[in-house]
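Each remark here refers to the structure printed beneath this line.
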Amino acid sequence: MRKLSTSFLILFAGLNTTSALADTSSSSEDGTINRSESKKDIYDNENKHVDDPTRVVTKLGVAGDYNFESDKFGYSISGSIGLSEAQKINLRYHPDSEEWTLGGSWLFDFGIVNFNFGKSEYEDGSNFNNYSIGTFVPLSVFGIEPAGWQIFPMAGFNYTDGERPLNEGEPNFDPSNPYVLHPSDSTGGYLGYFSLKPLSEEFTVITFAGASVGSDDYFGYWLGAGVGYKFTKKDSINLLGIATDNDYGAEQKIILAYSHTFSD
1 MRKLSTSFLI
11 LFAGLNTTSA
21 LADTSSSSED
31 GTINRSESKK
41 DIYDNENKHV
51 DDPTRVVTKL
61 GVAGDYNFES
71 DKFGYSISGS
81 IGLSEAQKIN
91 LRYHPDSEEW
101 TLGGSWLFDF
111 GIVNFNFGKS
121 EYEDGSNFNN
131 YSIGTFVPLS
141 VFGIEPAGWQ
151 IFPMAGFNYT
161 DGERPLNEGE
171 PNFDPSNPYV
181 LHPSDSTGGY
191 LGYFSLKPLS
201 EEFTVITFAG
211 ASVGSDDYFG
221 YWLGAGVGYK
231 FTKKDSINLL
241 GIATDNDYGA
251 EQKIILAYSH
261 TFSD
């Protein structure tokens with residue numbers, strides 16, 4: 001039986017898909033550029049890339065998306081409120097799918113820790129709640145930035161509960177009524193990465209991927225890529241393609257997102 005729709009974006013509730021290039025390179029007397037002269041300060045939010053998942057600022061964004069699974073357009077509103085140089089509140093709401101996420105982030109010397117909870121509902125009635133705690137670790141803080149790529153390994157734990165149709169072969173599956181919803185829950189963890197590659201002061205390449213495993217043979221994965229464009233110091237747009245699949249369903253989306261940063 002075909003799996004039903006879900007969304008990876010819960011893991012990125014604190015990341016409004018935007019793009020800007022912070023000038024972190026330095027020049028020697030002979031004019032050559034030295035990008036890795038020293039380790040970066042993880043608390044230097046002003047000079048971080050706008051899409052840096054460890055950046056603690058106040059911002060607001062809106063995104064439009066096309067879902068190939070449902071053949072529908074949608075939109076979402078997201079943002080963050082910076083409470084200090086190390087703490088922020090994150091939120092995201094997708095009115096069409098009634099998907100929402102609320103959480104917080106705390107920045108440490110090694111990276112950022114995110115706490116999130118959210119809920120999603122789908123046209124066939126399936127729904128799930130997600131609770132997660134995870135971290136992004138910027139390798140640039142350790143002086144690692146291969147070929148100009150800013151890489152952020154991520155890992156965390158999550159708990160999911162909800163209702164979904166059973167897959168063929170599962171106990172209690174009824175082929176005469178395959179869309180009956182059954183309670184389901186899972187506890188597990190996830191591993192993945194998020195990366196940025198500035199091509200110029202205006203353009204940036206973005207990629208990410210990961211997988212999660214859990215109890216009751218739960219498995220899911222996500223992957224995506226796109227490009228960002230900065231047209232002012234605080235305003236930028238991103239175009240992303242995202243594919244996700246787990247026990248609650250599969251989705252393929254194209255997203256166009258705009259974001260404005262209020263704080264430096």
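The UniProt record's numbering numbers the first residue of the sequence shown as 1 and each following residue consecutively.
Cβ coordinates follow ideal geometry from the N, Cα and C atoms, glycine included.
Across the set ASN130, LEU91, GLU202, LEU102, the C-alpha of LEU91 shows the shortest separation from the C-alpha of LEU60. For LEU91, the secondary structure class from DSSP, reduced to helix, strand or coil, is strand.
TYR179 and ASP247 have their C-alpha atoms spaced approximately 14 Å apart. Sequence-distant partners of LYS72 (beyond 5 residues in either direction) whose C-beta falls short of 8 Å from its own C-beta, in its chain, are TYR66, ASP96. A contact is defined here as three or more CB-CB pairs under 8 Å, and the stretch 226-234 fails this definition with respect to the stretch 184-193. Just measuring C-alpha positions, the residue of GLY228, TYR75, ILE242, PHE108 sitting nearest SER84 is PHE108. In the three-state reduction of the DSSP assignment, PHE142 falls in the helix class. Residue burial annotation: GLU46 is exposed, with fewer than 16 other C-beta atoms found within 10 angstroms of its C-beta.
By the C-beta density criterion, PRO175 is exposed, having fewer than 16 other C-beta atoms within 10 angstroms.
The closest CA to that of VAL113, considering only HIS94, ILE42, ALA211, is found on ILE42. Look at ALA155 here: in three-state DSSP terms it is strand.
For the pair THR54 and GLY125, the CB atoms are not nearer than the 8 Å cut-off.
In the structure shown, ALA147 falls within a helical segment according to DSSP collapsed to helix, strand and coil. Around the beta carbon of PHE128, 16 or more other beta carbons lie within 10 angstroms, which makes this residue buried.
Here GLY104 is near LYS88, since their CB atoms are less than 8 Å apart. With a threshold of 16 other beta carbon atoms within 10 Å, ASP44 falls short and is exposed. Taking a C-beta distance under 8 Å as the contact criterion, SER263 and GLY82 qualify as a contact pair.
One Cα belongs to GLU123, the other to SER80, and the distance between them is close to 29 Å. Leaving aside the five residues that flank PHE194 on each side, the residues in its chain whose CB is nearer than 7 Å to its CB run, in chain order, PRO53, PHE136, PHE152, MET154, PHE208. The Cβ-Cβ distance between LEU196 and GLN150 falls below 8 Å.
Within its own chain, the residues whose Cβ lies closer than 6 Å to the Cβ of ILE242, once the five positions on either side in sequence are excluded, are GLY224, LYS253, listed in chain order. LYS230: member of the beta strand (DSSP E) spanning 219-230, first to last residue. Under the three-state reduction of DSSP output, GLU46 falls in the helix class. Across the structure, THR58 and ASN238 are spaced so that their CA atoms are roughly 18 Å apart.
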